[in-house]
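Reviewing the structure listed below.
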Amino acid sequence: MSERMVEQFMEMVRIDSESGEEQAMMDYLKKAIPAQGGQAEQDAYGNLIAKFPEKGCSGKAPVLLSCHADTVKPGKGIEPVIADGIIRSAGETILGADDKAGIAEVLEALRTAEVHPPVEFAVSRQEEVGLLGIKELDFSKLSAKRGFLMDNDTLETIVIGGPSYFAIDVAIRGKAAHAGMEPEKGTSAILAAAKAICALRLGRLDHETTANVGVIEGGLIRNGVPDKASFLAECRSSVHAKAQALADEMVATIEREVIGAGAKVEIQVDNLCQAVSIPADAWTVQIAQRALKTVGYEAEPIFITGFTDASIYNNQGIEMAVVGIGAKDEHATHESIAIEDMVKAKDALIEMLRLAAE
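Residue 496 in this note's numbering is what sits at position 323 of the sequence shown, and the numbering runs on without skipping anything.
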């Protein structure tokens, strides 16, 4: 029933769960899941793992479904509204369809499916800030070897791979001085940061490689030579060796430019995930394509340069295809989702579960 699914979705998006603050959402799920016949627990990191018994079949291998509980900012005080069959945020926040629409669709599919194999349902924390939750997931609590991540936007594609991703955090220390009276006695950390950023190769470097600086901070007062500055950079590529080489290049460039400007620098590099893909004709892809065809989509397998929890699952040997939830403009305050698309995503998932039980 779409009304019940929509009502639950709107109830969930009203629960604040920005990355790192997901416990209220997990508490909600720990009550909702047993109410429909599942068992739910949290692992040591706070990820939720639920299990639902098979229905209408027997002796089938379990299937893993997965979503994430956290949202990006601004994600507090969300008030969803419906107009012309479209759900949006009423205020200056994101909607949180990414990924609570996925959770709502999974729960409704499990409520209404007449047939499904045993289902394991994993809901991760802190996906939006670097896949932190899934990287700490207690995989010993899972037995499924294949499944579906409900975290793609469009129903027209199935994500089969993601890139290697490097987060590069830079802290620069210069020397403070009065900007008007004796600027020559100072070393501007902001200027050093600017020189480093200008020297980096940024943007789309080729069809499979990108680099970016997304945050820069520094200084305290207008008339002071700033002694501190920092910035957050990233690079990614569908080829791990290229991502690694680019990260090394960025570090070397930053060090050269900052030191050349007379400042000191500390750089932290974190390889948050490694490039991985599954075959375009993998079991999960074929099942998803067949199911999506029943709701009107000839879904195409694609490799993206964004990253999802599926990268970690696939690196752990669990075949995961990423399928759509119907959301649009995720991470923006004009994020929205059509009720019709939520229903299609739910119906396609029901068919995936039926096919998995054959």
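Backbone N, C-alpha and C fix where the C-beta goes; we use that ideal spot for every residue, glycine too.
### Message
Taking contact to mean 3 or more Cβ pairs, one atom from each stretch, closer than 8 Å, check whether the region 235-245 and the region 267-287 are in contact.
### Response
yes
### Residue span of the alpha helix (DSSP H) that contains residue 486, given as start and end
As a position in the sequence shown, residue 486 is number 313, starting the count at 1. It spans 482-488 - the alpha helix (DSSP H) in which residue 486 sits, taken as one unbroken run.
#### Entry: is_contact[residue 325, chain C] using C-beta, thresh 7 Å
The structure shown contains no chain C; it holds only a single protein chain.
### Query
Between the region 398-418 and the region 293-307, are three or more C-beta pairs nearer than 8 Å?
no
### Query
Just reading off the beta strand (DSSP E) that residue 175 is part of, what are its end residues?
The residue given as residue 175 occupies position 2 in the sequence shown. Premise fails: residue 175 lies in the alpha helix (DSSP H), 175-186, not in any beta strand (DSSP E).
#### Entry: Local Cβ density within 10 Å of residue 204, reported as buried at 16 or more and exposed below that
Counting from one through the sequence shown, the residue named residue 204 turns up at place 31. Exposed, by the Cβ-count rule.
### Query
Among all the DSSP beta bridges, which residues are the ones paired with residue 452?
Taking the first residue of the sequence shown as 1, we reach residue 452 at position 279. Bridge partners of residue 452: none, in fact.
### Query
Would you say the region 357-365 touches the region 420-435, given that touching needs at least three Cβ pairs under 8 Å?
Contact holds: three or more Cβ-Cβ distances are below 8 Å.
### Task
Report buried or exposed for residue 267, applying the criterion of at least 16 other Cβ atoms within 10 angstroms of its Cβ.
As a position in the sequence shown, residue 267 is number 94, starting the count at 1. Its Cβ being crowded by 16 or more others within 10 Å, residue 267 is buried.
### Task
Could you spell out where the beta strand (DSSP E) holding residue 439 opens and where it closes?
Within the sequence shown, the letter at position 266 stands for residue 439. Residues 437-446.
### Query
In chain order, which continuous runs of the beta strand (DSSP E) of length 3 or greater are located wholly inside the region 358-409?
Runs of beta strand (DSSP E) with 3 or more residues, each lying fully within the region 358-409, are found at 376-379, 382-391, listed in chain order.
### Message
With a threshold of 6 Å (Cβ to nearest heavy atom), would residue 271 be considered close to the ligand FAD?
### Response
The ligand FAD is not part of the structure shown, which contains no ligands of any sort.
### Task
For the alpha helix (DSSP H) holding residue 211, just list the boundary residues, first then last.
In the sequence shown, the residue the question calls residue 211 occupies position 38. Where residue 211 is concerned, there is no enclosing alpha helix (DSSP H), given that its DSSP letter is neither H nor E.
### Query
Closest to residue 295 by CA distance: which of 227, 264, 286, 236 is it?
Working through the sequence shown from its first residue, we reach residue 295 at position 122. The shortest Cα separation from residue 295 among 227, 264, 286, 236 belongs to 236.
### Query
What is the DSSP secondary structure of residue 473, reduced to helix, strand or coil?
Here residue 473 refers to the residue found at position 300 when the sequence shown is read from its first residue. Taken through DSSP and simplified to helix, strand or coil, residue 473 comes out as strand.
### Task
Please list, in chain order, all residues of the same chain as residue 385 whose beta carbon is under 8 Å from its beta carbon, the five residues on each side excluded.
For this step, residue 385 is matched to residue 212 along the sequence shown. Closer than 8 Å at Cβ, skipping near neighbours: 375, 376, 406, 407, 408.
#### Entry: Whether residue 340 touches residue 445 by CB criterion (7 Å)
By one-based count along the sequence shown, residue 340 stands at place 167. By one-based count along the sequence shown, residue 445 stands at place 272. Going by C-beta atoms, residue 340 is nearer than 7 Å to residue 445.
### Query
Using the C-alpha atoms, what's the distance from residue 411 back to residue 421?
Here residue 421 is taken as the residue at index 248 of the sequence shown, counted from 1. Here residue 411 is taken as the residue at index 238 of the sequence shown, counted from 1. Using only the alpha carbons, I get a separation of about 16 Å.
### Message
Using only CA atoms, which one of 313, 395, 310 lies nearest to residue 352?
### Response
Residue 352 sits at position 179 when you count from the first residue of the sequence shown. If you compare the alpha carbons of 313, 395, 310 with that of residue 352, the shortest gap goes to 395.
### Message
Whole angstroms are fine: how far does the CA of residue 450 sit from the CA of residue 472?
### Response
Translated into positions along the sequence shown, residue 472 becomes position 299. Translated into positions along the sequence shown, residue 450 becomes position 277. For residue 472 and residue 450, the distance between alpha carbons rounds to 17 Å.
### Query
Taking the DSSP output, what are the residues bridged to residue 280?
Within the sequence shown, residue 280 is the residue found at index 107, counting from 1. Paired residue(s): none; residue 280 is not in a bridge.
#### Entry: For residue 238, the residue or residues it bridges with in DSSP
Here the question's residue 238 lines up with position 65 in the sequence shown. 294, 321.
### Query
By the 10 Å Cβ neighbour count, where 16 or more other Cβ atoms means buried, how is residue 255 classified, buried or exposed?
Residue numbering aside, residue 255 sits at position 82 when the sequence shown is read from its first letter. Its Cβ having fewer than 16 others within 10 Å, residue 255 is exposed.
### Message
Under 8 Å, with one C-beta from each stretch per pair, do the region 459-472 and the region 513-530 reach the 3-pair mark?
### Response
yes
### Message
What would DSSP say about residue 500, mapped onto helix, strand or coil?
### Response
Position 327 of the sequence shown, counted from the first residue, corresponds to residue 500. Reduced to three states, the DSSP call for residue 500 is strand.
### Message
Could you compute how far the alpha carbon of residue 349 sits from the alpha carbon of residue 392?
### Response
Position 176 of the sequence shown, counted from the start, is the residue given in the question as residue 349. Position 219 of the sequence shown, counted from the start, is the residue given in the question as residue 392. Roughly 9 Å between the two C-alpha positions.
#### Entry: Coarse secondary structure for residue 202, derived from DSSP in three states
Counted from its first residue, the sequence shown places residue 202 at position 29. Looking at residue 202 - three-state DSSP - the assignment turns out to be helix.
### For residue 223, the three-state DSSP class (helix, strand or coil)
Residue mapping note: residue 223 aligns to position 50 of the sequence shown, counting from 1. In the structure shown, residue 223 sits in a strand (DSSP, three-state: E or B).
### Query
residue 266 by DSSP, collapsed to three states: which one?
Here the question's residue 266 lines up with position 93 in the sequence shown. Coil at residue 266, not helix or strand.
### Query
Whose C-alpha, out of 227, 252, 480, 263, is nearest the C-alpha of residue 324?
Counting from one through the sequence shown, the residue named residue 324 turns up at place 151. If we check each option's Cα against that of residue 324, 480 comes out closest.
### Query
In three-state terms, what does DSSP make of residue 520?
Position 347 of the sequence shown holds residue 520. Helix.
### Query
Are the region 328-335 and the region 224-231 touching, with three or more C-beta to C-beta distances below 8 Å?
no
### Task
Name the one or two DSSP bridge partners that residue 335 has.
In the sequence shown, counting from the first residue as 1, residue 335 sits at position 162. Answer is 449.
#### Entry: Contact check, residue 439 vs residue 368, beta carbons under 7 Å
The count along the sequence shown starts at 1 and reaches residue 439 at position 266. The count along the sequence shown starts at 1 and reaches residue 368 at position 195. Not in contact: residue 439 and residue 368 (Cβ atoms no closer than 7 Å).
### Message
Using CA atoms only, rank isn't needed, just tell me which of 283, 490, 188 is closest to residue 207.
### Response
Within the sequence shown, residue 207 is the residue found at index 34, counting from 1. Nearest C-alpha to residue 207: 283.
### Message
So, at 8 Å on beta carbons, what are the nonlocal neighbours of residue 512 in its own chain, with the 5 sequence-adjacent residues on each side left out?
### Response
Along the sequence shown, one-based indexing puts residue 512 at 339. Taken in chain order, the residues that qualify are 175, 179, 255, 258, 259, 260.
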